[in-house]
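> In the UniProt record's numbering, the protein residues as written are 1 to 423.
(1) What three-state label does DSSP hand residue 208 in the structure shown?
(2) In three-state terms, what does DSSP make of residue 94?
(3) Between residue 462 and residue 141, what straight-line distance do the alpha-carbon atoms span, to the nearest angstrom?
(4) Over the uninterrupted alpha helix (DSSP H) stretch that includes residue 55, give me the two end residues.
(5) Since residue 348 and residue 325 are thought to touch, with beta carbons under 8 Å apart, how far apart are those beta carbons, to the nearest angstrom?
(6) Should residue 121 and residue 389 be called a contact, given that it needs their Cβ atoms to be closer than 8 Å?
(7) By the 10 Å Cβ neighbour count, where 16 or more other Cβ atoms means buried, how is residue 315 classified, buried or exposed?
(8) Suppose only complete runs of 3+ residues qualify. What are the beta strand (DSSP E) ranges in the segment 291–326, listed by chain order?
(9) Do you know offhand how far residue 198's Cα is from residue 162's?
(10) If residue 45 sits next to residue 17, beta carbons under 8 Å apart, how far is it from one beta carbon to the other, in whole angstroms?
(11) Per DSSP, residue 23 is paired with what?
(12) In terms of alpha-carbon separation, which member of 115, 56, 346 lies closest to residue 79?
(13) Closer than 7 Å: is that where the CB of residue 25 sits relative to any heavy atom of the ligand FAD?
(14) Going by DSSP, which residues form a beta bridge with residue 48?
(15) Do you know offhand how far residue 396's Cα is from residue 123's?
(16) With DSSP as the reference, please indicate the residues paired to residue 151 in a beta bridge.
(17) Quick one: measure Cβ to Cβ for residue 354 and residue 115, integer angstroms, because I've assumed they're closer than 8 Å.
(18) How far does the alpha helix (DSSP H) with residue 86 in it extend, from its first residue to its last?
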């Protein structure tokens, strides 16, 4: 996330941090911590490495959630919250709020956005999971191109927190219900996964306010102990979230079977997922998304021929389904059908020239075929959209090893869509 100056770019004329002692926690999306400290000094403040009673402002970075290795909030954030509770006048601002105080704003044309494929590489989860989280409202696209969602840094932070909660044992359906409830209880919290301190306790999700932990589904307070209780009387209060009984499957709609297929696929029950997607298609045989997800699942089962046929069906039903074009290209490339793969990647780029994933996969294909000059343009184009992800590192390595340089052309404005990782 690049930044651009406000109208008055003379630091001496804007001593907006005069008298402030500023600390930072988490990874900043817009700059390094060293540059942030320089800006604090330029604006009349003092940058400090630790939070103490003399600290007046803590800035929370928006690229990485400020967590300790054990999953708890960073020590700085905990200290700042404790100081607030004791009445000390320390403020806690998000990175975006801090930039606004400095009269610096993210440059819209240079703000990096992430496709599902790029996000899946960063988080080490499947693109299928990313798409499901977005459908469930757990993460939110900031824009779409054709069918493809794009996510910003704030959503990357939310997705990282989601991965932590799921790893801690949270149930994804209950988590989605809890977050919907949170947004009615706390309407000013637009992104509860990123903005609130959340805890997965068993299959429940709790959030904390100044007085302690609350279960969103009931609004009741829950006592949480850091150490195991010494007696049965000290056990945490447990409140169950009731779920409606499952609807009779004989009356399920195509959408019901599709959602079931997605859930089964995410859980690794691939054969059952295939059957669910086929049942959805019995009712709606012309739905491109159903064919696309069936193709993904068939691929994961090792049925590449079946996957290719379903990807072809998806693009026949929707010529602009660039995720399907790109996935088709990836599978064809695996089967050494280089010509077919290149045509599929080019079909995606014809419909969306700024599509990072298609540039990346096409560059790989051309590189493998020894067409290094042709690959150069696509490696460089990819780096205009991604400067720090795992795929960006691959692109830089290929440029450096082949051409002795990894410097891309001037950044483009990010207008385009993203897509899943290669199957």
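Glycine residues also receive a C-beta, built at the ideal position from the N, C-alpha and C atoms. Given the structure is predicted, the values throughout are model-derived calculations rather than measurements.
This is what the structure holds:
(1) In the chain shown, the residue the question calls residue 208 occupies position 208. Residue placement at residue 208 is poorly supported in this model, since its pLDDT is 48, which falls under 50; the coordinates still yield a value, given next. Residue state, collapsed to three classes: strand.
(2) Locating residue 94 in the chain shown gives position 94, where the first residue counts as 1. Residue 94 falls in the strand class under three-state DSSP.
(3) Since the first and last residues shown for the chain are 1 and 423, residue 462 lies out of range.
(4) If you number the chain shown from 1, residue 55 lands on position 55. No alpha helix (DSSP H) contains residue 55, which DSSP labels as neither H nor E.
(5) Stepping through the chain shown from its first residue, residue 348 is reached at position 348. Stepping through the chain shown from its first residue, residue 325 is reached at position 325. About 4 Å; that satisfies the 8 Å criterion.
(6) Here residue 121 refers to the residue found at position 121 of the chain shown. Here residue 389 refers to the residue found at position 389 of the chain shown. It is a contact, given that the beta carbons lie within the stated cut-off.
(7) Taking the first residue of the chain shown as 1, we reach residue 315 at position 315. With 16 or more Cβ atoms within 10 Å of its Cβ, residue 315 is classed as buried.
(8) none
(9) In the chain shown, the residue the question calls residue 198 occupies position 198. In the chain shown, the residue the question calls residue 162 occupies position 162. Note that residue 198 has pLDDT 42, beneath the 50 cutoff, so the model's placement of it is unreliable and the number below is only indicative. Their backbone Cα atoms lie some 10 Å apart in a straight line.
(10) Within the chain shown, residue 45 is the residue found at index 45, counting from 1. Within the chain shown, residue 17 is the residue found at index 17, counting from 1. Confirmed, Cβ separation roughly 3 Å.
(11) For the purposes of this step, residue 23 is taken as residue 23 along the chain shown, with counting starting at 1. 58.
(12) To locate residue 79, count along the chain shown from 1; it is residue 79. Ranking the options by Cα distance to residue 79, first place goes to 56.
(13) Here there are no bound small molecules, and the ligand FAD is not part of this structure.
(14) Walking along the chain shown from the start, residue 48 turns up at place 48. Partner(s): none; residue 48 has no beta bridge.
(15) If you number the chain shown from 1, residue 396 lands on position 396. If you number the chain shown from 1, residue 123 lands on position 123. When rounded, the distance between both Cα atoms is 20 Å.
(16) Counting from 1 along the chain shown, the entry for residue 151 is found at position 151. BP columns for residue 151 point to 114.
(17) Indexing the chain shown from 1 puts residue 354 at position 354. Indexing the chain shown from 1 puts residue 115 at position 115. For residue 354 against residue 115, the beta-carbon gap comes to about 11 Å, at or over 8 Å, which does not count as contact.
(18) In the chain shown, the residue the question calls residue 86 occupies position 86. In the DSSP annotation of this structure, residue 86 is not part of any alpha helix (DSSP H), being labelled neither H nor E.
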